[in-house]
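Counting along the sequence shown from 1, when you hit position 161 you're at 307 in the numbering used here, and nothing is skipped either side.
Written below as structure tokens is the structure these notes are about.
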Amino acid sequence: MEYGFADSTGDDVSQLKNNWEGLAEAVVKSLAEYIGVPYTPVSTENTYIVKNGDTLWSIARNNGLTVDELKKLNNLTSNALSIGQVLKLKEGTTTPSEDTYIVKSGDTLYGIANRYGLTVDELKRMNNLTSNTLSIGQVLKVSGSTTPSESEEYYVVKSGDSLYKIANQFGTTVDELKRMNNLTSNLLSIGQRLRIPNMESYQTYTVKSGDTLYSIARNFNTTVTAIQNLNNLATSALSIGQKLLIP
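Laid out in structure tokens, this is it:
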């Protein structure tokens with residue numbers, strides 16, 4: 147796989163020089179997945195994954211290094227960092243990947259989130275991402291705590307949803323939804339979280355093995371129809387781990 151040439155005047159030379167280990171690991175993982183052989187991630191010990199707000203100075207200070215030592219360890223020629231970049235903290239370490247995913251060509255946040263049972267917002271929050279932009283070789287956390295704040299106060303957008311449909315479902319208006327969520331258009335994306343007026347009046351229930359809409363409705367003293375209407379369910383089919391709003 148060719149990413150570019152280190153002596154080219156047209157390619158992003160710094161990206162190639164500074165991230166060659168992550169790019170190489172992405173090729174190894176992709177090839178292993180393609181030919182169907184087990185992929186064993188390399189050790190996460192003595193490495194650091196850059197988060198939003200990090201600087202070389204803050205990372206070096208927190209790990210008992212100087213900026214020059216950190217740059218030398220990682221062959222950095224500038225102080226620029228990118229979110230998801232993997233930095234060595236000790237000589238002889240390699241890029242981490244346990245409980246992580248290395249971005250490949252064609253990947254999207256939605257595709258990765260869907261693969262690991264996450265929403266796009268959860269994946270972004272887990273990795274301190276402020277945009278949907280990804281770079282090949284970037285390392286993303288795909289497990290662990292997403293530390294959601296009061297996740298029960300949010301509605302996760304599903305396929306077929308619209309602002310009008312959601313507003314009607316929760317007895318509010320499109321304008322109020324847009325105001326509460328700082329939206330400038332009516333466009334929505336699957337997995338997007340929306341703050342809903344008076345959402346605290348609803349309970350959230352996670353479907354377990356053996357659950358049915360009838361058993362859940364009975365346990366919460368409501369009806370199957372009420373749960374279906376609130377969650378925009380076209381059938382009675384449920385999946386384990388699915389989150390339901392309960393009236």
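C-beta: ideal position from N, C-alpha, C; glycine also.
### Message
Let's test the definition: count the other Cβ atoms within 10 Å of the Cβ of D245 and tell me whether it reaches 16, buried, or not, exposed.
### Response
Its Cβ having fewer than 16 others within 10 Å, D245 is exposed.
### Check whether V249 and A172 have beta carbons under 8 Å apart
Yes; because the gap between Cβ atoms is below 8 Å, this pair is in contact.
### Task
Tell me whether Q349 is buried or exposed, calling it buried when 16 or more other Cβ atoms sit within 10 Å of its Cβ.
Its Cβ having fewer than 16 others within 10 Å, Q349 is exposed.
#### Entry: Test item: CB-CB of L235 and Y262 under 8 Å
Taking C-beta atoms as the reference points, L235 and Y262 fail to come closer than 8 Å.
### Task
Answer with yes or no whether the minimum CB distance from T279 to chain B is below 8 Å.
Reference to chain B is not applicable here, since this structure consists of a single protein chain.
### Task
Could you pull out every residue in the same chain whose Cβ sits closer than 6 Å to the Cβ of T369, ignoring the five residues on either side in sequence?
If we look at T369 and ignore the five residues flanking it on each side, its Cβ neighbours are A363.
### Task
May I ask which residues mark the beginning and end of the beta strand (DSSP E) holding I362?
Per DSSP, I362 lies in no beta strand (DSSP E); the unbroken alpha helix (DSSP H) holding it starts and ends at L359 to N365.
### Query
Is it right to say F316 is buried, meaning 16 or more other beta carbons lie within 10 angstroms of its own, or is it exposed?
F316 is buried by the Cβ-count criterion.
### Message
Under DSSP, the beta strand (DSSP E) around Q349 begins and ends at which residues?
### Response
Per DSSP, Q349 belongs to the beta strand (DSSP E) from Q349 to T352.
### Message
For Y351 and I392, which I take to be in contact (beta-carbon distance under 8 Å), what is that distance rounded to the nearest angstrom?
### Response
Contact between Y351 and I392 holds: their C-beta atoms lie close to 5 Å from each other, under 8 Å.
### Query
Does DSSP put I229 in a helix, in a strand, or in coil?
I229: coil per DSSP, three-state reduction.
### Task
Would you decide whether G337 is buried or exposed? Buried here means 16 or more other CB atoms lie within 10 Å of its CB.
With 16 or more other Cβ atoms within 10 Å, it is buried.
### Message
Could you compute how far the alpha carbon of A372 sits from the alpha carbon of P343?
### Response
Roughly 19 Å between the two C-alpha positions.
### Query
Does the separation of the CB atoms of I229 and N273 fall below 8 Å?
Yes.
### Query
Do you know whose CA, among S281, D307, S355 and L334, lies nearest L385's CA?
In the sequence under discussion, the amino acid at residue 385 is Ser, which differs from the Leu named in the question. S355 is the residue among S281, D307, S355 and L334 whose C-alpha sits nearest the C-alpha of S385.
### Message
Please return the same chain residues whose Cβ sits closer than 6 Å to the Cβ of N219, not counting the five positions on each side in sequence.
### Response
In the sequence as presented, Asn is not what sits at residue 219; that position holds Leu. Excluding sequence neighbours, L219 sits near K234.
### Query
Between L227 and L255, which are expected to be in contact by the criterion C-beta below 8 Å, what is the C-beta distance as a whole number of angstroms?
Distance from L227 to L255 at the Cβ level is roughly 20 Å; contact not present, criterion being Cβ atoms closer than 8 Å.
### Query
Terminal residues of the continuous alpha helix (DSSP H) containing Y194?
No alpha helix (DSSP H) holds Y194; the beta strand (DSSP E) holding it covers T193 to I195.
### Query
What's the gap between the Cα of L264 and the Cα of N327?
Between the C-alpha atoms of L264 and N327 there is a straight-line separation of about 21 Å.
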